[in-house]
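Here's the structure, in structure tokens; my notes come after.
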Amino acid sequence: MKKRAKKKLSPLQRTLVWLAAVLAAALYLYWGNTAPQVTRLDAAFADLPAGFDGCRIVLLSDLHGAAFGKENEDLFSVVAAETPDLIALTGDLIDEDTPDPLAYAAETAARLSAIAPTYYVTGNHEWAAGDVRELKSVLEESGVTVLSNEYLLWERGGDAIAIAGIDDPNGYADQKTPETLAAELYADLGDPFWILLAHRNDKFASQYSLLGADLVLSGHGHGGVIRLPFTDGLLGTQHNLLPSYTAGLYEENGSALLVSRGLGNVGITFRAFNRPDIAVLTLHKGT
């Protein structure tokens, strides 16, 4: 029996197939840059005060002025549905290209702080964008607690832990160092359970994990921009290949790190296989 010859596609059919493939790829890329994804994680700490067992933290980072849905409604509704006890904004809320950055910051701060107590530290792009003092003032007026190389106590269930935050290294040359802040915290509080908000994920192993914080919350790495199977992200913030500490939970020197893959993009960059990230961490008292 003779094999039937395969029918070749006509030039028009080949063009239509090619256009369909391009359209599908474009739609997937658009969805992958505009549809936030919730990443839920759990972490246990032996020294976590009992009052914080089950506490839920939402980590948002690197918005870069992005909007998800009309007036960011998609973002706010997803965050509210996670019923957080605390929201951490770890920098790059705005950047040099954000239209009307103060209005954006004020609206975002007001909506998030209405959901749960919200804490903020600067990233590198706020310092490049303009007047950081004015930005911090707007955030405070809109209900967000700005942590500028300082700490405060957070009470829950009859217990208290310390929440500390540092300005990005792009800040003032004479600003308080993370080491000085940690020393002040220990001098005042003894040896508390404490959480550090610090924008740069790539400083965790070499610096932030050595401060003694039980948990560090960071962003900055954008998840490695492109995420491929079996990697921790493809591109680092220093244009290095296969960086680490780009998404999820890590541990070094007795300190845990939660990194958000971030939500926005810088300039004309885009994400691939790396949807905008809303990281949710539930704290547990371990043994």
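To get our numbering, take the position in the sequence shown, counting from 1, and add 914.
C-beta atoms are modelled at their ideal positions from N, C-alpha and C, and glycine is treated no differently.
Span of the alpha helix (DSSP H) around residue i
i	result
K922	Here K922 belongs to no alpha helix (DSSP H), and DSSP marks it neither H nor E.
R1025	1015-1027
T1094	1092-1103
Best match in the options for proximity to residue i [C-alpha to C-alpha]
i	options	result
L1197	T953, I971, E1165, F1107	I971
S1027	T997, T1036, N1154, D1088	T997
D1009	D1128, L1177, L930, S1132	L1177
Y944	E985, G1057, A1170, F1187	F1187
D1045	Y1033, Y1086, L1066, I1080	Y1086
L1110	D1088, L973, G965	L973
Y1100	A995, I1077, R1189	I1077
W1108	A1161, A938, L1171, V1060	L1171
S1062	A1020, T1022, G1079, I1140	G1079
H969	E1054, E1064, V1060, R1070	It is Cys, not His, that sits at residue 969 in the sequence shown. Out of E1054, E1064, V1060, R1070, R1070 has the C-alpha closest to the C-alpha of C969.
E1064	S1056, Y1034, D1128, N1084	Y1034
L1016	I1001, A994, E1055	E1055
L1103	F1118, D1014, A1119, A1127	A1127
S1132	L1155, Y1159, G1150	Y1159
A1112	D1082, S1051, V1060	D1082
L1156	I1140, A1002, N1084	I1140
N1154	S1051, E1098, D1116	D1116
I1192	F1118, H1136, V936	H1136
A1002	E1021, V1060, Q927, L937	V1060
A1043	F1118, K922, E1093, H978	H978
Boundaries (first-last residue) of the beta strand (DSSP E) holding residue i
i	result
A995	Segment 987-995 is the alpha helix (DSSP H) holding A995; no beta strand (DSSP E) there.
L1049	Segment 1046-1055 is the alpha helix (DSSP H) holding L1049; no beta strand (DSSP E) there.
D1073	1073-1079
H1039	Taken as a continuous stretch (DSSP letters only), H1039 belongs to no beta strand (DSSP E), being part of the alpha helix (DSSP H) at 1038-1043.
D956	951-959
A1112	1108-1114
V1180	Segment: none, V1180 is in no beta strand (DSSP E) and carries neither H nor E.
G1133	1129-1133
A1170	1169-1173
Integer Cβ distance of residue i from residue j, believed to fall under 8 Å
i	j	result
I1075	P1106	6 Å
V993	I1029	6 Å
Proximity of residue i and residue j at Cβ, strictly below 8 Å
i	j	result
G946	R1185	yes
T948	F990	no
E1048	G1005	no
D1011	H1134	no
L1053	A1096	no
P963	D1073	yes
G1200	F966	no
S1120	S1169	no
L1007	A1019	yes
A995	L1195	no
Q. Counting Cβ pairs, one atom from each stretch, are 3 or more of them under 8 Å apart for the segment 951-965 and the segment 1162-1181?
A. They touch, by the three-pair rule.
Q: Decide yes or no for the touch test of the segment 1143-1155 against the segment 919-937: beta carbon pairs closer than 8 Å, at least 3 of them.
A: Fewer than three pairs of CB atoms, one per stretch, sit closer than 8 Å, so the segment 1143-1155 makes no contact with the segment 919-937.
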